[in-house]
Amino acid sequence: MRVSSGKSLRSPPFDGGTVSTIGGHRVKLPRRKFLRLAAGAAALPAVSRIARAQAYPARPVKIVVPVGPSGSYDIVGRALADQLAKRLDQTVVVENRAGAGTVVGTQAVIQSPADGYTLLVGGLSNVVFNVGLYNKPPYDPLKDLVPVALVLGCAPGTGQVQKLLARLGSRSP
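The numbering used here puts the last residue of the sequence shown at 171; the count rises by one with no breaks.
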């Protein structure tokens, strides 16, 4: 069937494809190809979110011990590293950064990216004492450091852990 303009009113035979107009030209897209493209376009936002979200830790974690090897901080740091490595199923490296009464190691952690991959073994010396010992301390532990864990040493079999937990539980925040 033809009209005066010379164009056919009947569209070409439809064989399961999708026909659309792009720039004045008719484009025929087979149904399977169209469905694949549509599914791919629908999945793109989900794929981009999956690609951005990385499981922690995606690389080795470093624990900085701000004193030399074989001290009490080092023993605690290595025990933590061992337990973290087992729990996270990732390598945990202990790095001793001694100097200036724990200032060197503490500053190294403060200057590293705040991404959770560099941890500091801290205590009274690098959090409390250094602030009082130096005229102009190189860091402010309340602003520059974020506590992530509290490690306590208690003699086994004395019930000290249970007593401490009971006291902490009885306090209201």
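Don't be surprised by glycine CBs; every beta carbon is placed ideally from N, CA and C. Since the model is a prediction, treat every value here as computed from it, not as a measurement.
Option in Gly99, Ala77, Ala153 with minimal Cα separation from Val90: For the purposes of this step, residue 90 is taken as residue 92 along the sequence shown, with counting starting at 1. Restricting attention to Gly99, Ala77, Ala153, the CA atom closest to the CA of Val90 is found in Ala77.
Spatial distance of Gln158 from Ala83 (CA atoms): Mapped onto the sequence shown, residue 158 falls at position 160. Mapped onto the sequence shown, residue 83 falls at position 85. Roughly 27 Å between the two C-alpha positions.
Which residues DSSP lists as bridging Leu118, in chain order: On the sequence shown, residue 118 is found 120 positions in, with the first residue counted as 1. Answer is Val62, bridged to Leu118.
Closest by C-alpha distance to Val92, when choosing among Leu143, Gly99, Ala98, Val107: Looking up residue 92 in the sequence shown gives position 94. Ranking Leu143, Gly99, Ala98, Val107 by Cα distance to Val92 puts Val107 first.
Cβ shell of Ala96 (< 6 Å), same chain only, five flanking positions each side left out: Taking the first residue of the sequence shown as position 1, residue 96 is located at position 98. If we look at Ala96 and ignore the five residues flanking it on each side, its Cβ neighbours are Val65, Gly66.
Neighbour-count burial assignment, Leu162, 16 or more Cβ in a 10 Å radius: Start at 1 with the first residue of the sequence shown, and residue 162 comes out as number 164. Label assigned to Leu162: exposed.
Three-state secondary structure (DSSP) of Val90: As a position in the sequence shown, residue 90 is number 92, starting the count at 1. Residue state, collapsed to three classes: strand.
Cα-Cα separation between Tyr54 and Asp113, rounded to whole angstroms: The residue you call residue 54 lines up with position 56 of the sequence shown. The residue you call residue 113 lines up with position 115 of the sequence shown. Distance between the alpha carbons of Tyr54 and Asp113 is about 10 Å.
Cβ pair Val149, Val59 closer than 8 Å: As a first step, residue 149 is located in the sequence shown; it is residue number 151 there, counting from the start. As a first step, residue 59 is located in the sequence shown; it is residue number 61 there, counting from the start. For Val149 and Val59, no; Cβs fall outside 8 Å.
Cβ pair Ser123, Thr116 closer than 8 Å: In the sequence shown, residue 123 corresponds to position 125, counting from 1. In the sequence shown, residue 116 corresponds to position 118, counting from 1. Against a cut-off of 8 Å, the Cβ pair of Thr116 and Ser123 comes out as no contact.
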